[in-house]
Each structure stands twice: as C-alpha cells, then as structure tokens.
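Per numbering that gives the first Met the number 0, residue 0 is the first one in the sequence shown, and the count goes up by one each step. Even for Gly, the Cβ is constructed at its ideal location relative to N, Cα and C. Treat the numbers as computed from the prediction; the structure is a model and nothing was measured.
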Amino acid sequence: MSFIASTPNTAVKRTISVLSTPEDQGEQKKNRVASVGVSSCEFNYTFDSMADFENPTNVVLDDNTMKAIKQTVQEAINTVLSTQMKSMIETIITGVVDGLSKRIECLELENNSLKNENGILKDRMVKIENTLDASEQYSRRNSLRIFGIPENEGPKEGTDGIVMNLCTSMGADVSQ
Numbered sequence: 000m001s002f003i004a005s006t007p008n009t010a011v012k013r014t015i016s017v018l019s020t021p022e023d024q025g026e027q028k029k030n031r032v033a034s035v036g037v038s039s040c041e042f043n044y045t046f047d048s049m050a051d052f053e054n055p056t057n058v059v060l061d062d063n064t065m066k067a068i069k070q071t072v073q074e075a076i077n078t079v080l081s082t083q084m085k086s087m088i089e090t091i092i093t094g095v096v097d098g099l100s101k102r103i104e105c106l107e108l109e110n111n112s113l114k115n116e117n118g119i120l121k122d123r124m125v126k127i128e129n130t131l132d133a134s135e136q137y138s139r140r141n142s143l144r145i146f147g148i149p150e151n152e153g154p155k156e157g158t159d160g161i162v163m164n165l166c167t168s169m170g171a172d173v174s175q
C-alpha cells in the first residue's frame with residue numbers, strides 16, 4: 000500500500016510497512032508509515048488499525064507537525080500570492096507605460112506641429128513688419144522738409160529733381 004501526502008511545495012510518496020505475524024489475526028496490526036523529511040521536519044504517522052489509515056480524519060498530529068504544515072502552507076501561499084501580485088503589477092505598469100508612451104508621442108507630434116506653425120508665423124510677421132516699414136517710409140516721402148534751398152517762383156516747382164540733385168551732390172545714393 001502507499002500513502003501519498005502532498006504539500007503545496009512538495010509531493011512526497013510515503014509507504015506503509017504492514018507489520019503482522021500469523022498470531023496477530025490482522026486486527027491488532029500496527030501500521031507505521033516510513034519517516035520522510037519534508038521542509039526540514041520529520042513526519043511520523045502511526046495507525047492503530049487499517050480503518051484509521053482508510054479514514055485520514057482520525058489522524059492526530061503533534062504540535063510540531065502542525066506548525067511545520069502551517070509554515071509550509073503559508074510559504075506556499077505567500078509564494079503564489081507574491082507571483083500573482085508581481086504579475087498583476089507588471090500588467091498594470093505595462094498598461095500605464097503604454098498609455099503614457101502613446102500620450103507622449105501625441106504631445107511630441109503636437110509640439111512639433113506648433114513649432115513649425117510658430118516658425119511660419121514669425122517669418123510672416125517679419126515680412127509684414129518690413130512691408131509696413133516700407134509703406135511708412137513711402138508715405139513720409141512727401142512730408143520731407145529741406146531748409147536752405149531757395150524756392151522758385153513758378154507754378155510748377157520740381158521738388159523731386161531738386162532733392163535728387165542735392166543728394167547726388169552730397170554723395171548719397173537715393174533711388175526714386
């Protein structure tokens with residue numbers, strides 16, 4: 000016969016030695032399970048009859064054995080829970096990191112788009128400012144007053160020609 004006991008960490012096969020003699024008539028047999036070490040602890044089970052072996056609820060374990068079983072079960076549960084928690088945490092972290100990575104990519108694309116648009120608007124602003132300055136300068140052309148040039152008494156005074164001759168005599172390059 001064999002007795003199979005398993006803990007969450009180990010499954011150990013235990014054998015039962017049936018000690019009998021022709022005089023014992025089988026009912027008075029003492030059955031002893033071979034000692035097997037599990038988790039640095041020895042478990043010895045003794046059954047007074049085969050009925051005890053067939054119904055394991057009648058087995059009484061000492062305090063050390065119970066403590067060893069409790070510790071083994073707790074270690075197994077802690078290991079399983081730790082593994083499951085790590086797996087769940089990794090799944091959550093992966094999901095969060097993926098979501099944040101996608102968000103960062105979108106923000107980088109939007110940022111690059113805004114930078115390009117900002118550059119275009121700056122160039123446009125410079126062109127508009129240059130055009131405005133040229134327009135203002137052109138509008139001031141007729142508002143220029145030059146003192147010290149004798150005035151001609153005539154119906155049509157050629158001020159443009161006079162200013163051009165003055166600028167040329169001074170060595171200034173003025174285009175019309």
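Annotation for arginine 123: the continuous alpha helix (DSSP H) segment containing it runs 62-139. For serine 168, the uninterrupted alpha helix (DSSP H) segment begins and ends at 158-169. Burial state of alanine 67 is buried, judged by a 10 Å Cβ sphere holding 16 or more other Cβ atoms. Distances from the CA of valine 162 to each of Asn77, Val96, Ile145 were compared; the closest alpha carbon is that of Ile145. Straight through space, the alpha carbons of methionine 84 and lysine 121 are spaced by roughly 54 angstroms.
Residue Val173 holds the alpha-carbon nearest to the alpha-carbon of tyrosine 137 among Val173, Leu165, Glu74, Lys69. For lysine 69 and valine 79, the gap between their C-alpha atoms comes out near 15 angstroms.
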